[in-house]
Amino acid sequence: MRIGLFITCLTDSLFPDTGKAVVTVLERLGHQVDFPAGQSCCGQMHFNTGYRREAVPMARGFAGAFADYEAIVSPSASCAAMVREYHQVLAAGDPGLEREVAAIAPRVHDLSVFLTGVLKITDVGAYFPHRVTYHPTCHSLRMLRVGDAPLRLLRAVRGLDLAALPGAETCCGFGGTFSVKNSDVSAAMCADKVAAIRQTGAEVVCAADNSCLMHIGGALTRQRTGVAAMHLAEILARTEDGS
Numbered sequence: 009m010r011i012g013l014f015i016t017c018l019t020d021s022l023f024p025d026t027g028k029a030v031v032t033v034l035e036r037l038g039h040q041v042d043f044p045a046g047q048s049c050c051g052q053m054h055f056n057t058g059y060r061r062e063a064v065p066m067a068r069g070f071a072g073a074f075a076d077y078e079a080i081v082s083p084s085a086s087c088a089a090m091v092r093e094y095h096q097v098l099a100a101g102d103p104g105l106e107r108e109v110a111a112i113a114p115r116v117h118d119l120s121v122f123l124t125g126v127l128k129i130t131d132v133g134a135y136f137p138h139r140v141t142y143h144p145t146c147h148s149l150r151m152l153r154v155g156d157a158p159l160r161l162l163r164a165v166r167g168l169d170l171a172a173l174p175g176a177e178t179c180c181g182f183g184g185t186f187s188v189k190n191s192d193v194s195a196a197m198c199a200d201k202v203a204a205i206r207q208t209g210a211e212v213v214c215a216a217d218n219s220c221l222m223h224i225g226g227a228l229t230r231q232r233t234g235v236a237a238m239h240l241a242e243i244l245a246r247t248e249d250g251s
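To convert, note that position 116 of the sequence shown is 124 in this note's numbering; the numbers rise steadily by one, no gaps.
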């Protein structure tokens, strides 16, 4: 299967190892992965803050960059949800763009759903001998409805000790520009999330969105907890030989 990697702005700029991990996992499973150089922002930030007209060219650019791929896989449930759920809103009134979005949006997948739902795989050959807890991000949980796909993948990782996270479905407080506009509330929500993570005794907190992991990881670091924040893809990419 020819797969296009939708890297997203945050991952490309700040967490490139996550993108590399996605490629590692998919190539290990025998798939060709391409990185369309024409991709750019999906427009989520603009859309969410009211700049819908400015986001339309981004939806058009996405459709053009990924038109030829059988599947488009992203390490961001948040950005995947933007394409699947809201590019059709941006395309309204433009028949040509409406057709392009209708054709491409169903082919956009969060990594965990692509592995478990499309490829029907849970064991990707990973090895990670650490205690891990999983934070289900809001977009993955409530928009993409990934369900237990990430947990099934983590349970299949050899050596991994999966710890249940108290109040797992509670938001971490990031919410994109919410964390800027409502910083005090955001920080309080993150403090509650960090307290729950510490209760698990986990060495690592895992999620499917680097945006939320950046928020949580920053608080974990400032509190000197010793708990690392890692994207699901990075755990799945690890093998027994350390690669």
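Quick reminder that beta carbons are idealized off the backbone N, C-alpha and C, glycines included.
From a predicted model like this one, the values you see are computed outputs, not experimental measurements.
Alpha-carbon spacing of residue i relative to residue j, whole angstroms
i: arginine 36; j: aspartate 192; result: 43 Å
i: valine 132; j: isoleucine 243; result: 10 Å
i: aspartate 20; j: serine 48; result: 10 Å
i: aspartate 42; j: valine 81; result: 10 Å
i: methionine 151; j: serine 86; result: 8 Å
i: proline 24; j: proline 144; result: 21 Å
i: proline 65; j: arginine 166; result: 44 Å
i: alanine 216; j: proline 83; result: 6 Å
i: glycine 209; j: valine 30; result: 27 Å
i: leucine 22; j: alanine 75; result: 26 Å
i: cysteine 198; j: glutamate 211; result: 18 Å
i: isoleucine 129; j: tyrosine 135; result: 16 Å
i: glutamine 231; j: glutamate 106; result: 47 Å
i: alanine 71; j: threonine 233; result: 42 Å
i: glutamine 33; j: histidine 54; result: Residue 33 is actually valine in this sequence, not glutamine. If you take the alpha carbons of valine 33 and histidine 54, they lie about 31 Å apart.
Pair within 7 Å by beta-carbon distance, residue i and residue j
i: alanine 79; j: valine 121; result: no
i: arginine 92; j: valine 109; result: no
i: leucine 170; j: arginine 160; result: no
i: alanine 89; j: histidine 147; result: yes
i: leucine 168; j: valine 140; result: yes
i: alanine 73; j: glycine 51; result: no
i: isoleucine 224; j: lysine 189; result: no
i: histidine 95; j: alanine 111; result: no
i: alanine 172; j: threonine 26; result: no
Per-residue DSSP class, three states only, for residue i
i: tyrosine 94; result: helix
i: glycine 167; result: coil
i: alanine 89; result: helix
i: cysteine 146; result: helix
i: methionine 238; result: strand
i: isoleucine 243; result: helix
i: glutamine 265; result: Only positions 9 to 251 of the chain appear in this structure, which leaves residue 265 out of reach.
i: threonine 32; result: helix
i: leucine 152; result: coil
i: valine 64; result: helix
i: glycine 58; result: coil
i: alanine 45; result: coil
i: alanine 75; result: coil
i: glycine 12; result: strand
i: serine 21; result: helix
i: threonine 26; result: helix
Near the ligand ADP: residue i beta-carbon under 6 Å from a heavy atom
i: alanine 113; result: In the structure shown, the ligand ADP is absent, as is every other ligand, since no ligand is present at all.
7 Å Cβ cutoff, residue i in contact with chain D
i: phenylalanine 136; result: The chain labelled as chain D is not found in the depicted structure, where only one protein chain is given.
Under 8 Å: do the stretch 218 to 225 and the stretch 172 to 183 share three or more Cβ pairs, one atom per stretch?
yes
Do the stretch 54 to 70 and the stretch 26 to 44 touch if we need at least three Cβ pairs shorter than 8 Å?
no
Quick one: which unbroken beta strand (DSSP E) runs of 3-plus residues sit fully inside the stretch 157 to 235? Chain order, please.
169 to 171, 212 to 215
Mind listing, in chain order, the continuous beta strand (DSSP E) runs of no fewer than 3 residues lying wholly within the stretch 93 to 128?
116 to 118
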